[in-house]
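The structure appears below as structure tokens.
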Amino acid sequence: MSLSLKEERNRLSFNIRDLSIYIYETEERFNAMMEGLKKMGEDPILHNDPSTLGKSRIELFKIYAEKNKRFHELFNLTEGNSNPLKVHFGNQLPTSLSVFMFQPYVQHLGTDEQLKKWMPRIISMEVIGAYAQTELGHGSDVRSLETTAAFDPQTDSFIINSPTLTSTKFWPGDLAIVANHVICSAQLILNGENKGVYGFIVPIRDTETHRVLPGIELGDLGEKVGFNTKDNGYCKFNNVKIPRENMLMKYAKVTKKGEFQRTGDERVGFAVMMQVRDLLGYASWRALAHALIIAVRYSVVRTQFKLDDGLAERKVMDYQLQQDKLIPLLAAEFAMHAGAKKVSLMTQENLKNINEKQDFSMMKDCHATLCGTKAFYSYEADAGVNKARLACGGHGYLSYSGFTNIWREFSPTVTYEGDNTIMALQVARYLINCLQKLKKGTKLHENVSYLILLQEILSKQQCQVKKTDELDVDLVLKLLQINSAFLTYRAAKTLLGGAKEHGFKETWDKKAGIKLVEAARAHTSVYTYHAFLQRIESEIKCPNLKKLMLNLCLLYGIQKLLEQPLGLLQSEYLTGKQSILLQDKKEELLEKIRPDVVGIVDAFGYPDNTLRSALGVYDGNVYETLMKMVTENNEFNKVDWTETFEKSLKPLRFVKRPPPIPRL
Ligand SMILES: Cc1cc2nc3c(=O)[nH]c(=O)nc-3n(C[C@H](O)[C@H](O)[C@H](O)COP(=O)(O)OP(=O)(O)OC[C@H]3O[C@@H](n4cnc5c(N)ncnc54)[C@H](O)[C@@H]3O)c2cc1C
2 MSLSLKEERN RLSFNIRDLS IYIYETEERF NAMMEGLKKM GEDPILHNDP
52 STLGKSRIEL FKIYAEKNKR FHELFNLTEG NSNPLKVHFG NQLPTSLSVF
102 MFQPYVQHLG TDEQLKKWMP RIISMEVIGA YAQTELGHGS DVRSLETTAA
152 FDPQTDSFII NSPTLTSTKF WPGDLAIVAN HVICSAQLIL NGENKGVYGF
202 IVPIRDTETH RVLPGIELGD LGEKVGFNTK DNGYCKFNNV KIPRENMLMK
252 YAKVTKKGEF QRTGDERVGF AVMMQVRDLL GYASWRALAH ALIIAVRYSV
302 VRTQFKLDDG LAERKVMDYQ LQQDKLIPLL AAEFAMHAGA KKVSLMTQEN
352 LKNINEKQDF SMMKDCHATL CGTKAFYSYE ADAGVNKARL ACGGHGYLSY
402 SGFTNIWREF SPTVTYEGDN TIMALQVARY LINCLQKLKK GTKLHENVSY
452 LILLQEILSK QQCQVKKTDE LDVDLVLKLL QINSAFLTYR AAKTLLGGAK
502 EHGFKETWDK KAGIKLVEAA RAHTSVYTYH AFLQRIESEI KCPNLKKLML
552 NLCLLYGIQK LLEQPLGLLQ SEYLTGKQSI LLQDKKEELL EKIRPDVVGI
602 VDAFGYPDNT LRSALGVYDG NVYETLMKMV TENNEFNKVD WTETFEKSLK
652 PLRFVKRPPP IPRL
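Below, the structure is given as structure tokens:
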């Protein structure tokens, strides 16, 4: 065990297990997670082997297909799609889309007869599905999808077609190699009339032979950022006939005679999408936690430059600048963790209300909150993983550091399940509506009720803070709220003012976008900070842990204000001079949190085999582990390069070179 890490673990202000239980919510869940990760690390197939890092995509695909099978043998995946043990693989297992997307769509949008027919086959994995919405030409703009599903009353079937190059389905995970069915989003055509986009279950391969069915042309998209252990595919449909019953018909159906009937509320489709987005909040904090465990442990083991005594060297973690890189990310980590949990509870309640009572009253508030957490948590985690990597100097560039995998696996989250900009604009639309409701005196949801503070800002009230000590959790909450309320007001003013002159859509698309997204960002910070504060107050009893978490919460709020202070300054609620207090308070908090950083990351409990990192090993034996990986696992060092030397390197000395090109 490295002495540095031992020393750090001996001087913590809190009990690591208390924090672990806070993270995983109950002792049982924490124990189950640790047992599961341990079991996988010890399993000969699931074990993460560093030598896979240099393997080709084809080899990796085969290895991960085996891991997937083994995972199904050991754990029940199909019953719950949010299995947290997947952190061990960074969600890179083939068939994950079947569980994560295909199954919930069938479950929520299928009629009772459809569930009876499909669910047993999906759960047994005889039917493996992909979710094929995005096309080569359109992703965000779903209404413009070009794939068609035309009803043929003669044969009581739909004919699925890809009429143009740009209508080719493009990107769906598992589509090219793994899936035998897809939910295909297509324009429903009845008697030549377009009824809009609906979902259809389309068989693409024979379930016994896995041969591609007639009329289907598909393939893999090639090497990409993330998901290289599985496939993302393209697919064209050429007059593919499917039975009428394959349209997901719980909320809209086509009769035998070809009549269109609405049988429920189509907003249920959104509710399913929301359930999927809900999981991405968890994915964000898990990915960032993974990177921070590595960066924090390494920063304590790594030393650079001598202390004043000229003997010992300083741990890089003791530089204020290193703390500034990592400790605000630790604060963001726990803030997102609380925000993800809160929105998840909202999502579950919303779905329950819809399924049991057809009650959609929570839908808008829940949808907007999820769009915000999806967009800004995945941005924060994506940037945070990279920041943590850059904080590890040269070694952070090596795949053996673990960072390259975490980043590649997580980064597409920013784009899939709704591009982050589009998500942020949905939040902004909601905020503008809320402002309008406020004007009419309508009561707002608790997440946005603070917008009433606008009255205080517009009546030119000012913040009275004079000393850093006064910057407590409540005042920081108010500053975040004022900031967001003013940015929302500015966005609304630009939008509604511009709409009179240029029209609403022109102004939305071409004049107001920046202010709208800034308002959405500020609002998500308010929501997240508040969720974190509520969670600490309601769940943490131990005073030392509470003190630490309140400091992290305060740091999160202050960091967000320092990153985005314009609402406070433009409204003149806070003066430039008062903003200095924010900076001073932040520096004070970095010093206070510093002694506990190793304990904070240890609390996540990820074992070394899950971390897949030489820099983040629990015992801190970084250099030994790194050299072992470099010398023993690196296939490059096992190749005899003599032939290359003889063929391409040695002849260099005999090459007749042309005269040098004159310098310009
Ligand atoms: C790894 C990965 C896996 C995927 N898996 C699946 C899957 O399983 N199934 C599936 O159907 N799809 C999948 N997708 C596709 C994904 O859902 C889409 O790529 C995503 O929704 C973004 O849409 P787009 O590609 O059309 O981006 P575009 O909308 O074309 O985005 C391009 C740029 O335009 C901007 N932009 C677009 N519209 C606006 C606007 N109105 N205002 C301001 N800016 C705008 C965007 O912000 C972005 O900067 C996957 C994608 C990836 C990368």
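Residue numbers (the working numbering): 2 to 665.
Cβ atoms here follow ideal geometry from the backbone N, Cα and C, with glycine treated the same way.
Are the beta-carbon atoms belonging to residue i and residue j less than 8 angstroms from one another?
i: residue 261; j: residue 255; result: yes
i: residue 611; j: residue 518; result: no
i: residue 379; j: residue 219; result: no
i: residue 524; j: residue 428; result: yes
i: residue 591; j: residue 321; result: yes
i: residue 571; j: residue 637; result: no
i: residue 363; j: residue 354; result: yes
i: residue 109; j: residue 273; result: yes
i: residue 230; j: residue 93; result: yes
i: residue 167; j: residue 279; result: no
i: residue 248; j: residue 367; result: no
i: residue 40; j: residue 4; result: no
i: residue 384; j: residue 521; result: no
i: residue 13; j: residue 597; result: yes
i: residue 101; j: residue 184; result: no
i: residue 127; j: residue 208; result: yes
i: residue 95; j: residue 132; result: no
i: residue 556; j: residue 392; result: no
i: residue 292; j: residue 386; result: yes
Checking contacts by CB at 8 angstroms: is residue i closer than that to chain C?
i: residue 154; result: Here chain C cannot be found, since the structure has a single protein chain.
Let me know if residue i comes out buried or exposed under the rule of 16 or more other beta-carbons within 10 Å of its beta-carbon.
i: residue 628; result: exposed
i: residue 156; result: exposed
i: residue 329; result: buried
i: residue 398; result: exposed
i: residue 194; result: exposed
i: residue 481; result: buried
i: residue 69; result: buried
i: residue 51; result: buried
i: residue 55; result: exposed
i: residue 515; result: exposed
i: residue 408; result: buried
i: residue 125; result: exposed
In whole angstroms, give me the CA-to-CA distance for residue i and residue j.
i: residue 553; j: residue 121; result: 46 angstroms
i: residue 148; j: residue 202; result: 14 angstroms
i: residue 548; j: residue 224; result: 47 angstroms
i: residue 287; j: residue 382; result: 9 angstroms
i: residue 351; j: residue 251; result: 18 angstroms
i: residue 192; j: residue 244; result: 17 angstroms
i: residue 462; j: residue 2; result: 56 angstroms
i: residue 466; j: residue 559; result: 14 angstroms
i: residue 301; j: residue 418; result: 37 angstroms
i: residue 210; j: residue 325; result: 56 angstroms
i: residue 526; j: residue 561; result: 7 angstroms
i: residue 595; j: residue 479; result: 26 angstroms
i: residue 200; j: residue 263; result: 14 angstroms
i: residue 342; j: residue 283; result: 8 angstroms
i: residue 502; j: residue 485; result: 26 angstroms
i: residue 61; j: residue 650; result: 31 angstroms
i: residue 216; j: residue 150; result: 14 angstroms
i: residue 537; j: residue 580; result: 26 angstroms
i: residue 119; j: residue 107; result: 8 angstroms
i: residue 648; j: residue 59; result: 28 angstroms
i: residue 253; j: residue 454; result: 43 angstroms
Ligand 2 and residue i: does any heavy atom of the ligand fall closer than 7 angstroms to the residue's C-beta?
i: residue 147; result: Summarising the ligand content, the structure contains ligand 1 and does not contain ligand 2.
Residue i and residue j look like a contact to me (Cβ under 8 angstroms); what is the Cβ gap, rounded to whole Å?
i: residue 88; j: residue 299; result: The pair is not a contact, with the Cβ atoms about 20 angstroms apart (cut-off 8 angstroms).
i: residue 605; j: residue 290; result: 5 angstroms
i: residue 228; j: residue 174; result: 6 angstroms
i: residue 448; j: residue 370; result: 6 angstroms
i: residue 176; j: residue 140; result: Contact flag wrong, Cβ pair sits at about 14 angstroms.
i: residue 160; j: residue 221; result: With 8 angstroms as the limit, residue 160 and residue 221 do not qualify as a contact, their Cβ atoms being about 26 angstroms apart.
i: residue 205; j: residue 240; result: With 8 angstroms as the limit, residue 205 and residue 240 do not qualify as a contact, their Cβ atoms being about 14 angstroms apart.
i: residue 31; j: residue 22; result: 6 angstroms
i: residue 472; j: residue 452; result: That pair is no contact at about 23 angstroms.
Exercise for the section: Could I get the ranges of all uninterrupted beta strand (DSSP E) runs contained in the segment 301-337, with 3 residues as the minimum, in chain order? Expected result: 304-307 and 314-316
Problem - Residue ranges of each beta strand (DSSP E) within the segment 76-147, 3 or longer - result: You should have 130-133.
Practice task
Go through the segment 185-226 residue by residue and report every complete run of the beta strand (DSSP E) that reaches 3 residues or more, in order.
Solution key: Runs of the beta strand (DSSP E) lying entirely within the segment 185-226, each at least 3 residues long, are 194-204 and 217-221 in chain order.
Practice task
Just list the alpha helix (DSSP H) runs in the segment 473-512, keeping only unbroken ones of 4 residues or longer that don't cross its boundaries, in chain order.
Solution key: 474-503 and 505-511
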